[in-house]
Amino acid sequence: MSDAVLRVKDLQTQFQTRAGVLKAVDGVSFEVGRGRILGLVGESGSGKSVTGYSILGLIEPPGRIVGGEVILNGKDLTRLKGEAMRQVRGAQIAMVFQDPMMTLNPVLKIGTQMIAAVRAHDNVSRKVARGRARDALAKVGIPSPEERLDAYPHQLSGGMRQRVAIAIALLHSPAVIIADEPTTALDVSIQGQILAEVRRLADETGTAFVWVTHDLAVVSSLADDICVMYAGRVVESGPAADVIASPRHPYTAGLLASVPAEHEPGTKLPQVPGSAPSLANLPPGCAFAPRCAKAGPACTTTPPVQHFEHGRTALCHYPIEPVSCQPLSLTSTTYRSAS
Amino acid sequence: MPAALLDIDHVSKRFVKQSNIGERIAALLGAGQKAETVRAVTDVSLTVAKGEVVGLVGESGCGKSTLGRMVAGIYTPSDGKILFDKVPVARSQGRRTQKLTTRVQMIHQDPFASLNPRIRIGDTVAEGPVAHSIVRSREADSYVADLLGRVGLDPSYRRRFPHQFSGGQRQRIAIARALAMKPDLLVLDEPVASLDVSIQAQVLNLFMDLRRDLDLTGIFISHDLGVVRHVSDRVAIMYLGRIVELAPTSELYANPNHPYTRALFESVPRVGVGRKDFRPIAGEIPSPLHPPSGCHFHPRCPFAGPRCKRETPPLAAIGPGRFSACHLNTGGTD
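Chains A and B are the protein sequences, given in the same order. Residue 1 is where the first sequence starts when you use the numbering used here, and the numbers rise one by one after that. Residue 1001 is where the second sequence starts when you use the numbering used here, and the numbers rise one by one after that.
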């Protein structure tokens, strides 16, 4: 894809600890196009959040980006320091956190915080800034935005706070928004509202989203593309519908198969045995091999990136054969036969 | 239908916000506001037969955890009664709640908070059964080893501390602790919500095995419709303190009746459906401090009429074993 607004190439982030060097992000590459939503999926400790933080240059010692590039609008963000990075952050790329109270200051009114955020990058009057803040709140579907500007964060519900956090991220119409588990703490009906707004915003404003989550169901209904991470590496990537319908990496297949909603009630769920390895003590070669039913002798060596149709990849010696010849626009019934 | 093991009979729970001394003086002088009351659970009735698992589903503030805690004897109801095998599960003693049975046990959501970090897990599991003379203290060690094996942990782990275990393993320990009391009824409050997807499946499989082997009865509380569908025989959907729909699992999922249930199903993202147009429920969940009049769901309901604002719809039978609290089933909303 040449029209990518954000390109991450071979990104490596490591943490120096007493237990040794932890490779939290170990050679992650992906691209996001204008107005597209990339789902970055993985379980705890897979490195998905650290990837998001690395893109924004939010890694602090003992963590360090030791290699790779993050190209945004032709600039490599990993080379930017201090003030130069601050110019980019919030203006061209922004972040939404899981807990909106990480973004919002509890003792300042919403309006005060948003006006400060506008004026941090644009030299405009407070009045103009207030207008832009109000428009941003309206854009994310907050009713009576003018009054909300005078509210304190504690006066809003969890869902409303997360909308405010998204509105702040949108203030400077950034090319990319990194969202780290933004709906995990919300109720289902409120999550549905936010996902609908995000899809609409991506389509209407052309903002690209990197949606970091552990929830496959959210990714499958929201994202255009998907990257599955395991122990710091991308193990599978491709168009979301294709990957979900016919996973090629055994880990992706195992994750999808263990979702209860896709099985006859009361039946034994296919489970991935064992638990995720500690980054301090990774097995040689493929990190997933000890839990993998398809593992063979080659798995003690680092697996190659295999390329398939529609730009799909899998990091595996023994990828799963595709289940059907019409990978696009599959329905839930076809997926069930696949598992 | 076999006799009910658990009988929840018109139960309500109210929490009154404790006022501080300043507010009490202000109230004496006639200046303060009235004490605020949260109506967490309002007039809920439900029976659970032996061997049955009933799922309680709802969003935050719907009262599902409060109801679960009353069943487990942690809270006593403000009104109504909860009978387990015809005997109340708990009684109030002044401001304290005294639990009257060990046959109901609870498993909590967060296995990081529910295990004492300073006590070896073997001692945690043995504490209850030794205190209640279910097992003699010199047999406790082999009893614990047996239980750990049963929940899929190496019995030699019993000398370890909680921090040496992963989330999934800790949840297994919590299950072993509950089973140690030889319960007939388990109350599981979001037991897999904090676990990774691949670990979730392991714990759900364990629960289904134990249920079959030990003939357990269960109340399974979750916000995850997929998980509840998988493990429950019947499902109760709760909204702001009331049960709005109760039905056998397969029928509920095939053909939901209440507008809230339908809306909830619509807004849940699902794997395998592909990119979808969300049709989310409009509006916020109201605060249980100030619930709407009549049907609690009416401000968000697309079918609401004037009657919904006036009258609370009763949970009425709409078919064999099926109940729904909606005026649409009983003469319309006008």
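The beta carbon of each residue, even a glycine, is placed where N, CA and C say it ideally should be.
Close Cβ partners of residue i (< 7 Å) along its chain, the five nearest in sequence each way excluded
| i | result |
| --- | --- |
| Gly45(A) | Ala276, Leu279 |
| Glu1266(B) | Arg1279 |
| Ile1285(B) | Glu1059, Ser1060, Gly1061 |
| Pro62(A) | Phe15, Gln16, Thr17 |
| His121(A) | Gly90, Ala91, His172 |
Rounded separation between residue i and residue j - CA only
| i | j | result |
| --- | --- | --- |
| Phe288(A) | Ser54(A) | 24 Å |
| Arg1160(B) | Asn281(A) | 20 Å |
| Val1016(B) | Leu149(A) | 32 Å |
| Cys1301(B) | Leu256(A) | 33 Å |
| Ala129(A) | Leu201(A) | 21 Å |
| Val342(A) | Leu156(A) | Limits of chain A in this structure are 1 at one end and 339 at the other, which puts residue 342(A) out of reach. |
| Lys139(A) | Lys127(A) | 18 Å |
| Ser1065(B) | Ser1287(B) | 16 Å |
| Arg1262(B) | Asp1141(B) | 50 Å |
| Ala116(A) | Arg134(A) | 13 Å |
| Cys292(A) | Glu236(A) | 15 Å |
| Asp1085(B) | Val1044(B) | 18 Å |
| Arg64(A) | Gln92(A) | 22 Å |
| Glu1232(B) | Ala175(A) | First, the residue type needs correcting, since residue 1232(B) is Ser and not Glu in the sequence shown. Computed Cα separation, rounded: 45 Å. |
| Ala241(A) | Arg1177(B) | 42 Å |
| Leu1147(B) | Phe1165(B) | 17 Å |
| Gly74(A) | Pro250(A) | 35 Å |
| Lys294(A) | Tyr318(A) | 7 Å |
Buried or exposed (CB count within 10 angstroms, at least 16 for buried), residue i
| i | result |
| --- | --- |
| Gln1018(B) | exposed |
| Ile1119(B) | exposed |
| His1163(B) | exposed |
| Ile178(A) | buried |
| His310(A) | exposed |
| Asn350(A) | Outside the modelled stretch of chain A, which goes from 1 to 339, sits residue 350(A), for which no answer is possible. |
| Pro153(A) | buried |
| Leu1217(B) | At residue 1217(B) the sequence reads Thr, which differs from the Leu that was named. That one is buried. |
| Val66(A) | exposed |
| Leu328(A) | Model confidence at Leu328(A) stands at a pLDDT of 44, short of 50, so the residue's coordinates are unreliable and nothing is read from them. |
| Pro1320(B) | exposed |
| Thr207(A) | buried |
| Glu349(A) | It is not possible to answer for residue 349(A), since the shown part of chain A is limited to 1 through 339. |
| Met101(A) | exposed |
Where residue i meets chain A, residues with beta-carbon distance less than 7 Å
| i | result |
| --- | --- |
| Ser1065(B) | Residues of chain A passing the Cβ test: none, with the nearest at roughly 14 Å. |
| Gly1226(B) | Val259, Pro260, Ala261 |
| Asn1205(B) | Lys268, Leu269, Gln271 |
Interface residues of chain A facing residue i [CB-CB closer than 8 Å]
| i | result |
| --- | --- |
| Arg1229(B) | Pro260, Ala261, Pro265 |
| Leu1264(B) | Val188, Ser189 |
| Gly1168(B) | Ser275 |
| Ile1281(B) | Ser189, Gly192, Gln193 |
| Thr1249(B) | Pro265 |
Under 7 Å from the C-beta of residue i: neighbouring residues of chain B
| i | result |
| --- | --- |
| Leu256(A) | Val1271 |
| Gly159(A) | Glu1284 |
| Leu315(A) | The premise fails here: Leu315(A) is roughly 18 Å from chain B at the closest Cβ pair, so nothing lies under 7 Å. |
| Ser44(A) | Asp1196 |
DSSP beta-bridge partners of residue i
| i | result |
| --- | --- |
| Ala1131(B) | Paired residues: none, contrary to the question. |
| Ser1324(B) | Glu1245(B), Ala1316(B) |
| Cys227(A) | Leu40(A), Ser237(A) |
| Lys23(A) | Gln14(A) |
| Leu72(A) | Leu6(A), Lys75(A) |
| His263(A) | None, per the DSSP bridge assignment. |
| Pro1088(B) | Leu1083(B) |
Same chain, Cβ closer than 6 Å to residue i, neighbours up to 5 away in sequence not counted
| i | result |
| --- | --- |
| Ala1174(B) | Ile1107, Pro1111, Ser1114 |
| Phe1323(B) | Leu1246, Leu1315, Ala1317 |
| Asn1020(B) | none |
| Leu1225(B) | Val1268 |
Contacts that residue i makes with chain B (C-beta to C-beta distance below 8 Å)
| i | result |
| --- | --- |
| Asp342(A) | What the structure shows of chain A is the stretch from 1 to 339, and residue 342(A) is not part of that stretch, so it cannot be assessed. |
| Ile320(A) | What Ile320(A) touches in chain B: nothing, since even the nearest Cβ is about 16 Å away. |
| His154(A) | Correct list: empty, because the minimum Cβ distance to chain B is about 13 Å. |
| Ala202(A) | Those within 8 Å of Ala202(A) in chain B number zero; the least Cβ separation is about 11 Å. |
Closer than 8 Å: residue i CB and nearest the ligand NAP heavy atom
| i | result |
| --- | --- |
| Asp242(A) | As presented, the structure is devoid of all ligands, the ligand NAP included, so that no description of it is given. |
Partner residues on chain B for residue i, Cβ-Cβ distance less than 9 Å
| i | result |
| --- | --- |
| Val272(A) | Val1197, Ser1198, Ile1199, Ala1201, Gln1202 |
| His214(A) | Asp1196, Val1197 |
Beta-carbon neighbours of residue i, restricted to chain A and to distances below 9 Å
| i | result |
| --- | --- |
| Tyr1076(B) | Looking at the sequence itself, residue 1076(B) is Thr, so the reference to Tyr does not match. Simply none; closest approach about 28 Å. |
| Met1238(B) | In chain order: nothing, as chain A lies at least about 13 Å away. |
| Asn1116(B) | The contacting residues do not exist; Asn1116(B) stays about 22 Å from chain A at best. |
| Met1208(B) | Gly266, Thr267, Lys268, Leu269 |
Own chain partners of residue i with C-beta closer than 8 Å, once the 5 adjacent residues on each side are dropped
| i | result |
| --- | --- |
| Leu1328(B) | Pro1259, Phe1303 |
| Val1125(B) | Val1144, Leu1147, Leu1148, Arg1158, Ile1173, Ala1176, Arg1177, Ala1180 |
CB contact check: residue i to chain D, cutoff 9 Å
| i | result |
| --- | --- |
| Ser1137(B) | Chain labels in this structure do not include chain D; the protein chains are A and B. |
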